[in-house]
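Residue numbers (our numbering): 2 to 234.
Glycine residues also receive a C-beta, built at the ideal position from the N, C-alpha and C atoms.
Small disclaimer: the values here were computed from a predicted structure and weren't measured.
Rendered as structure tokens:
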């Protein structure tokens, strides 16, 4: 199959795993791995939109990641703030990309919460593409929060269906991911989009996230293109 025949997933989700292992394998501080991971995310995100991906969901920090050392969590909070620079946000805004931060936003430092609110407000009307950044995200937490919203609305049980639940997830009824890529050699989804990924195609890369390239992404797209999606039919 040639690149001309490659199918591009409408909604691509990525579990960006292996930053710390990448750093350790090179004798570098593990925190440096996160910095390189962020740099690679910017590069891969640009390439995704160039190829025609309409929704990109990136798993950056899980609900379980709060259990890491205080030093690492503090570093990551500062790293996330640095990601939302005026230059980065303006670049995406000019391209018509709507930015959503999905997850427990209330758990972050006030300064980060303020930045998140500003970029979501600035880009909320953009319609060319969507970037979901999963921060303090967990699939189970996502479903629990959706259920709480439905209970508060006192929705009759007979009216509760898949469409309603999807409406109250953090992804707010966006199309489910067509393809989920996980880097870092692990072969599991680790509590990521567990409702939304019911029929997603899965692709596992042996590359650690900081070394995952545009060529690796193309290989994932080629593999995805060869698959037949039956959705249980």
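9 Å Cβ cutoff met for residue i and residue j
{"i": "residue 63", "j": "residue 192", "result": "yes"}
{"i": "residue 209", "j": "residue 184", "result": "yes"}
{"i": "residue 211", "j": "residue 13", "result": "no"}
{"i": "residue 81", "j": "residue 15", "result": "no"}
{"i": "residue 225", "j": "residue 170", "result": "no"}
{"i": "residue 58", "j": "residue 165", "result": "no"}
{"i": "residue 140", "j": "residue 65", "result": "no"}
{"i": "residue 130", "j": "residue 54", "result": "yes"}
{"i": "residue 91", "j": "residue 32", "result": "no"}
{"i": "residue 94", "j": "residue 133", "result": "no"}
{"i": "residue 23", "j": "residue 44", "result": "no"}
Element boundaries [beta strand (DSSP E), containing residue i]
{"i": "residue 73", "result": "Run containing residue 73: none in the beta strand (DSSP E); it sits in the alpha helix (DSSP H), 71-84."}
{"i": "residue 12", "result": "12-16"}
When the options are compared against residue i, the one with the closest alpha-carbon
{"i": "residue 126", "options": "108, 154, 148 and 96", "result": "96"}
{"i": "residue 222", "options": "128, 174 and 203", "result": "203"}
{"i": "residue 25", "options": "102, 34 and 65", "result": "34"}
{"i": "residue 41", "options": "30, 19 and 53", "result": "19"}
{"i": "residue 176", "options": "188, 163 and 186", "result": "163"}
{"i": "residue 233", "options": "220, 102, 45 and 199", "result": "199"}
{"i": "residue 111", "options": "78, 214 and 101", "result": "78"}
{"i": "residue 104", "options": "23, 157 and 144", "result": "144"}
Residue range of the unbroken alpha helix (DSSP H) whose run includes residue i
{"i": "residue 236", "result": "Residue 236 is absent from the model: the chain starts at 2 and stops at 234."}
{"i": "residue 63", "result": "Residue 63 -> not in any alpha helix (DSSP H); beta strand (DSSP E) instead, spanning 56-63."}
{"i": "residue 45", "result": "31-52"}
Expected contact under 8 Å - CB spacing of residue i and residue j to nearest Å
{"i": "residue 85", "j": "residue 118", "result": "11 Å between Cβ atoms; not a contact."}
Note to self: As an exercise, report each continuous beta strand (DSSP E) stretch of at least 3 residues that is fully enclosed by the stretch 112-162, in chain order.
What the structure shows: 130-138
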